[in-house]
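Trainee: Protein chains in written order, with this note's numbering: chain L, 1 to 77; chain V, 1 to 77; chain G, 1 to 772; chain U, 1 to 266.
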Amino acid sequence: MLWEVRIAYKPGVQDAEGESTLRGLHALGFDKVEEVKTAKVFVIKGDYTREEVEEMCRRLLANPVSQDYTIAEVSVE
Amino acid sequence: MLWEVRIAYKPGVQDAEGESTLRGLHALGFDKVEEVKTAKVFVIKGDYTREEVEEMCRRLLANPVSQDYTIAEVSVE
Amino acid sequence: MKLLQAKDEDLIRLSRERMLSLSLEEMRRIKEHYTKLGREPTDLELETLAQTWSEHCVHKTFRGIIDYNGEVVDSLFASTVARVTRELNKAWCFSVFKDNAGIVDFDGDLGVAFKVETHNHPSALEPFGGAATGVGGVIRDILGVWGDPIANTDVLCFGPLDYPYEKLPRGTKHPRFIYSYVVAGIGSYGNNMGIPTVNGAILFDEGYVGNPVVYCGTVGLVRKSRYKTRALPGHVALLVGGRTGRDGIHGVTFASAELHEESEETSGSAVQIGDPIMEEKIKRGILKVRDEGLASAITDLGGGGLSSAIGETAEKSDCGCVVHLERVPLKHPRMEPWEIWTSESQERMLICVPQENLERVVDIFRDEEVEATPVGEFIPEKKLYVYYGEELVGELSLDFMFRVPRIRRKATWRDPNLREPRLKEPEDCTPILLSLLGMPNIASKESIIRTYDHEVKAITVLKPLQGAFCDGPGDAAVLKPLYDSWRGIVISNGINPEYGKIDPYHMAASAIDEAVRNNLAVGGRRIALLDNFVWGNPEKPDRLGGLVRAAKACYNVAKAYETPFISGKDSLYNESTLGQVTSTILISALGIIPDVRMSVSMDLKKPGNHVYILGRTYNELGGSHYYKLYGHLGRNVPRVRVSEAKNTFDALTRAIDKGLVKACHDLAEGGLGVAAAEMAFAGDVGLRISLDDAPKEEMRGDAALFSESNSRFLVEVEKGMAEDFEKVMEGCILARVGATTKEKKLVITEGSKVMVRAELSDLREAWQRTLR
Amino acid sequence: MALEFCIFRAPGTNCDAETKHALEYFGCRARVVHINKLISGEVKLSSFDGIVIPGGFSYGDHIRSGAILGKMVGERLKDQLKEFSENGKPILGICNGFQVLVEAGLLPAFRGFSDVPEAALGKNLSNRFEDRWIYLRNDNKGKCVFTRGLEILRMPVNHGEGKLILPQGEEEKLYRQLLENDQVVFRYAKADGTLALGEYPANPNGSFRDIAGICDPRGTILGMMPHPEKAFHRITYPDWTRTGLEGVGDGYWIFKNMVDYAMTLI
Ligand SMILES: Nc1ncnc2c1ncn2[C@@H]1O[C@H](COP(=O)(O)OP(=O)(O)O)[C@@H](O)[C@H]1O
Ligand SMILES: [Mg+2]
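1) For residue 489(G) and residue 284(G), what's the separation of their Cα atoms in angstroms?
2) Does the region 171–178 of chain G touch the region 382–392 of chain G, meaning 3 or more C-beta pairs lie closer than 8 Å?
3) Residue 367(G): which of 417(G), 323(G), 187(G), 289(G) sits nearest, CA to CA?
4) What's the C-alpha gap between residue 266(U) and residue 219(U)?
5) Can you look up residue 33(V) in the DSSP assignment and give me helix, strand or coil?
6) With a cut-off of 8 Å on the beta carbons, I'd call residue 501(G) and residue 633(G) a contact; round off their distance for me.
7) If I measure Cβ to Cβ from residue 236(U) and keep anything under 8 Å in the same chain, skipping five residues before and after, which residues do I get?
8) Which of the three DSSP states, helix, strand or coil, is assigned to residue 13(L)?
9) Please confirm whether residue 328(G) and residue 376(G) have their CB atoms less than 7 Å apart.
10) DSSP three-state call for residue 253(U): helix, strand or coil?
11) Name the chain L residues whose beta carbon is nearer than 8 Å to that of residue 48(V)?
12) For a contact meaning CB atoms closer than 7 Å, what does residue 281(G) contact in chain U?
13) Starting from residue 123(G), follow the alpha helix (DSSP H) in both directions and report where the run begins and ends.
14) Quick check on the DSSP output: the beta strand (DSSP E) that includes residue 4(U) runs from which residue to which?
15) Would you report the Cα separation of residue 13(V) and residue 168(U), rounded to the nearest angstrom?
16) At the 7 Å Cβ level, is residue 105(G) part of the contact set with chain B, yes or no?
17) Hey, could you find the ends of the beta strand (DSSP E) residue 319(G) is sitting in?
18) Using the beta-carbon of each residue, which ones in chain L are nearer than 9 Å to residue 246(G)?
19) Can you pull the chain G neighbours of residue 133(U), defined as C-beta to C-beta under 7 Å?
20) Can you name the residues that DSSP bridges to residue 130(U)?
21) For residue 91(U), which residues of its own chain have a beta-carbon under 6 Å away from its beta-carbon, when the five flanking residues on both sides are left out?
22) Which residues mark the beginning and the end of the alpha helix (DSSP H) in which residue 97(U) is found?
23) Across the region 596–612 of chain G and the region 681–694 of chain G, are there enough close Cβ pairs to call them in contact, namely three or more that are closer than 8 Å?
24) Whose C-beta lies closer than 7 Å to the C-beta of residue 56(U) among residues of the same chain, with five residues either side of it excluded?
25) Using a Cβ cut-off of 9 Å, which residues of the region 441–468 of chain G contact any Cβ in chain U, in chain order?
26) Quick check on the DSSP output: the alpha helix (DSSP H) that includes residue 556(G) runs from which residue to which?
27) With a threshold of 16 other CB atoms inside 10 Å of the CB of residue 769(G), please say whether the residue is buried or exposed.
28) Does residue 115(U) pass the burial test, meaning 16 or more other C-beta atoms within 10 Å, or should it be called exposed?
29) Examine the Cβ distances between the region 517–527 of chain G and the region 591–605 of chain G and report whether three or more of them are shorter than 8 Å.
30) Is DSSP giving residue 261(U) helix, strand or coil here?
31) For a quick check, are the C-beta atoms of residue 111(U) and residue 193(U) less than 7 Å apart?
32) What did DSSP end up calling residue 129(G) once you bin it into helix, strand or coil?
33) With 16 other CB atoms within 10 Å as the buried threshold, where does residue 26(L) fall?
34) Check whether the region 60–74 of chain L touches the region 1–16 of chain L, counting contact only when three or more Cβ pairs, one atom from each stretch, lie closer than 8 Å.
35) Residues of chain U with CB under 7 Å from residue 39(L), in chain order?
36) In whole angstroms, give me the CA-to-CA distance for residue 47(L) and residue 444(G).
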C-alpha cells in the first residue's frame, strides 16, 4: 500500500521557508505572488492501515501542536 | 489563484531524508515500511498561468538535475 | 473588566479564565488599586499586570519571603546568589544581574556578556520550535546588552530514550521525539545564525519525561564604552524585526504554571518556530547602530512582549512612555490591542533612539531588510499611556506596575532517609567500566555535537571533541574572539541532578565545583558563574525547601571559590501529570585565559609520561553512576571541601601557566575509572594506574575507582618534569599514580590485583555505541 | 596598489568576517557587500580584483541551499559576472558560496555560464548537518588558479547539503568531461592522501566520486564545500594541542594563491 502524508504548519504558525520563497520569487520578477506556503510530503510504502499511518504521524512525522497532517491513500503507479 | 507545486527527487537520486525517515519508522517498530520518499510542496497564491508557474519551477523551485516538479491548480477554499 | 464589585471567587475565576496566573492576593491588590482610581481596569492593563507580576518576569519566589524550617529568608536571591557577588565585589564585574545578561571585563574596552535561559514548556509541546526559539531568545538577551553573540551552549535533559510508549500519559511526547526535535531545533537556530555551539551536555532521567529541560546559553562581546542603557524623554521607542502576531500570547503566564494534559490544546498560541535569518539581519543592524553610537537604550522583546520591554525600559530610565499600538506592523489583521501589546512573537527588539538619529537608524535596518517602526515616545512622567488610534486603551503608573507584591511562602526540608546499598565486591571491574562508559549520561554525544556548527567564526580553539581522532570529551571550550590578541574566553558547565535526589545542597555545591574545575582544567581562571534553577511548584513547601538548600550552597561554595554570579535564572512550576521535574541546577562558568596557546586538552599526549591524581577521593558513591548502574541511589553524596579544593585549583593554574601540564581531565561521572579511560582512548595512548598511592579515605577498590568525589583531576606531566610539577603543587593533595604507555591498553591495579584491563578500542567502542 | 576583493553577502551569510580576515591578512582590501547593493547597481563588480561568495545560510537555505541567492546572482548579475570572469578575475565560492555558484549556473559551466543548473548539491547521505575536519586531495592538473602546488589539505566541512550530483544517466560522460577540462579540483581523502572512495566519514556527504570542489573550464572560478578560511591559522585546528602551532593552516594557501594570481592581472 502507498500512503501519502502531508504535513503543513497550522495557520498562524510562521512558515519561514514560505516567506523566503515569496521573497525569492519577487526578486525574480514574479511580483504578483501574494503568498507562499510550504508543506512536506512523505510517501510511505508498507502494509499499514490508516490508523497506523496516523500513529506514525503522531509519533514521528508531525507535531499536532504546530502542524496539521492529512493522510491519503494513493494508488500504486 | 492558488497553485500547488510539488517537488520530488528524480527517480534514482538518493532521497536521504526519506531514508532516514524509514530508519526512524523502523526504530519505532513500524518495520513493515518498505520505503519512504519525500517531496516538498509550495502553495503559491497569485494571478499566474500554468506556464508562468512552470517558469517559477524552472527558474527557482526545482533543480532539474535532481528534482522533478508537478503543478496542480487548487481551488481556493 | 468588572473588578471593582468582584468577590474573591470572581477574582480567582477571572485570573484562571484569562490565564493570568495571578494569585488571589495579587488580584485583590489590583482591585484595591483600581478602586482607589475609581475605575475598572482595561483588559490591556490587567494583562500587563499579569505579565509584569508573573513568576517568569519578576522571580516572585526568589525575591519573596520564605519561612524555611523555622528560619526567615528575606529574598533568597539577595541573601545567596547576589550576596556572593556583592561581598566579593570584583572590579572586573562590569554589569551583574541588572540587565539581560551579565557582563565581565575581557580586554581593554571589550567585555564578555553571558546568559543562560531555559525553554522547557515550549520544548515539551513543540520541541523543534521550543528549542529553536530558546536559542533565539537567549541570543536576543545578548543583543539586548549591545553584545555581538559569538558562541552558544546548550544543556538538555530528557526522559530515557527507551521509555515505554504505553507508560506515556496523554498529551506527553515520547522522549525520543523530544530529543531528536530539540536537538534539531538548537542546531538549526545556531547554525543558521552563524553562531557556533561550543559546549553543552545531555542528560537522561525519568524525571524529565513529562517535563524536559532545555537550557540555552549565549556568550557575546560587548564594547563597554558603547553600552547605552538609558532612554531620555523625547527619545523614540523603535520596534525592530519581525511582525507581531497572535503567536506567543500568554507565553509568560504559561511558563509560570504547571503543564497539564490539555496544555497541547490550550497553549497552542504559545508555540512558535522561529526565524534565525531574521535575527541574523537584526543582529547586523544592531551592531551597526551600536558602533555608530546612534541609540540610547535597547532591550529584547521576550516574555511579555512590548508590555515588558517598554515598561522595563521606562522604569529603568526613570521616565514614562506614550505608545501607539496601531503603528505596530502585524502578521494577522484584527488583533486586539492587548494582544499586540503582550504578544511574544519572536525576533523583535526595542531600540531607543534620539529623534535626530531616527532616520539613520531606520535606514540601517532597511538596508538589512528589517522593518523598524517608531511605536512610541518616552516622556518625563513615570506612566505608560497606551493608545490604539485615538483611544486610550491603557494608562498605567509605573510605580504601581513595578511595586510587585512580595509573596510569602513556606519551605520545609526533610532528610529523605536514604541508605547506602551493599554491593558485592566485584572480582574484575572491567565490565563495570565498559557499562559505565555506555550509560547514556556518560556516553559520547558526538552524533549530536557534529550536527551543531562549532567552527563558524573560526574562533573555537578548544573544541567540544578533542584528541587523536577528534572524538574525546573536552572539559570546556576555549574561544579566541580577536584576530590580534591571544586572550581567550573559557566556557564550561556543571550539572548533576542525581545528587539532588539525595540533597539539593550538595547538588548545587557539586555543580559549582564541576563547572569551575572543568574551566580550570583547560586553563581558565577569573571565573564568573551563572546559576539556573529548574524546579517544581514553589507553592509546595517540600519543593521550595530543596530550592532553598540549593541556593544556600550557591552562596557558600561560590563565595569560597571567589567566583561571583553575574546572571542567572530560575524556572519554577516545572510539573506535569507525571509529577515534578527532577530538581536541577545548572551552573555555567565563564573564565578567561590570558593566552589561548596555554590551553590544555584532555587527551593523553604520549607514552612514557607521568600521570598524577589531584585531590582526595572519599567514600562518596551516593548518586554515582556506579550505583545507578545497579538501580541504587545511595546516601553518601559527594561533598565540596572548599579549602582543600581551592588549594588544588590555584596550584593547577600555576602548573598550567608554567607549561607543565600535557593533559588534564576533571573527574566527574564514573569517577577515576571513566576519566582515565576517556583520556587514554582520546589520546590513543595507553595508561597504567595504581590505586595504592592515590590520596583517599579507607575504602574498597571498586569504590575508589568509581567514587565521584569533587575537586579532582587527572593530569599528564612530561617525563622529565615531575620534580618541577611537584614543586609547583607543593601543599596540595596529590599523588603520582601512573604512567602513559605504548601498549594501547588501560590497566588499573590495586596492590597485586588487576582491577581493569581493557583495550582502548573496546573502551572507545563502549563509549560511542550508545548514542551513535 | 592594494588589491580589492568583493565578499558577497545576503541575509543569512555568516562566514564573511573570517573570509575578510583571510584576505586582509595578505594586505588586500576586502569589502563585504550586500547583494541588494550589487543588484541595484550601487556597487559595481568591475572595480574589484576578485570575488568570494562565503559560507552561511543565505535566505535560510530555503527551497535548496544557495538556491535563492544563486538565482539572484545568476539572473541579475550574470552580465557583470561574465565580464568579470572573461577578464580572468578569480571567483571563489565556499560552502554556501559553492551552492550558489552551482545554482547560478556558473559551475561547472561546461560550455560557459548556463541558464539552468548543470549539477546539484544534494542533502548529505547522513541527512544531517555535519561539522568535521576532513582531508582533501588536490587532483587538479594545474588549470585551477587557486590550488597550484597544493597536495593534501585538511580543513573542516560544515554543511547539510554538499553531495555533488550530476544529471542521471550522463554522469560518466560529464565526469569524463570534467576530467578532460581539468575541472576536478578537490576530492575527499584520507590523511595519507588515498581517496575516501565514498566511505563515511572521510567522504562526509556521499559526494559523487568524492568530489569536494570543482572549477570552471578556465580555472578561475572555484567552488568548494570545505572551509579554507576556518583552517587559516593552526590555532583553529582541532588537535593543535597535539600537533603544535608551527606554520600556517592549509586554508591559507588557497587564499594566497588567489591573491598571487589576482596580482598577476594588474
Ligand atoms: N548538547 C551538547 N551541545 C554541545 N556540546 C555538547 C553537548 N553535550 C556535550 N557537549 C560537549 O561534549 C563534551 C563532553 O561532554 P560531557 O560528556 O557532558 O562532558 P563532561 O563530563 O565534562 O561534562 C563537552 O565539550 C561538551 O561541551
Ligand atoms: Mg568534564
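All residues carry an ideal CB built from backbone N, CA and C; glycine is no exception.
Keep in mind that this is a model prediction, so the values were computed, not measured.
Mentor: Concretely, from the data shown:
1) 23 Å
2) no
3) 289(G)
4) 18 Å
5) strand
6) 6 Å
7) 230, 249
8) coil
9) no
10) helix
11) The contacting residues are 30, 32, 33.
12) 11
13) 120–125
14) 4–9
15) 8 Å
16) No chain B appears in this structure, whose protein chains are L, V, G and U.
17) That residue, residue 319(G), is in no beta strand (DSSP E); it is neither H nor E in DSSP.
18) 12
19) 470
20) 159(U)
21) Answer for residue 91(U): 51, 221, listed in chain order.
22) 96–104
23) Enough Cβ pairs lie closer than 8 Å, so yes.
24) 12, 13, 14, 15, 96
25) 447, 449, 450, 451, 452, 453, 454, 455, 456, 457, 458, 459, 460, 461, 462, 463, 465, 466, 467, 468
26) 541–561
27) Flag for residue 769(G) reads exposed.
28) Residue 115(U) comes out exposed.
29) The answer is yes - the region 591–605 of chain G touches the region 517–527 of chain G, with three or more Cβ pairs under 8 Å.
30) helix
31) With contacts defined as CB atoms closer than 7 Å, residue 111(U) and residue 193(U) fail to qualify as a contacting pair.
32) helix
33) Under this definition residue 26(L) is an exposed residue.
34) yes
35) In chain order: nothing, as chain U lies at least about 14 Å away.
36) 37 Å
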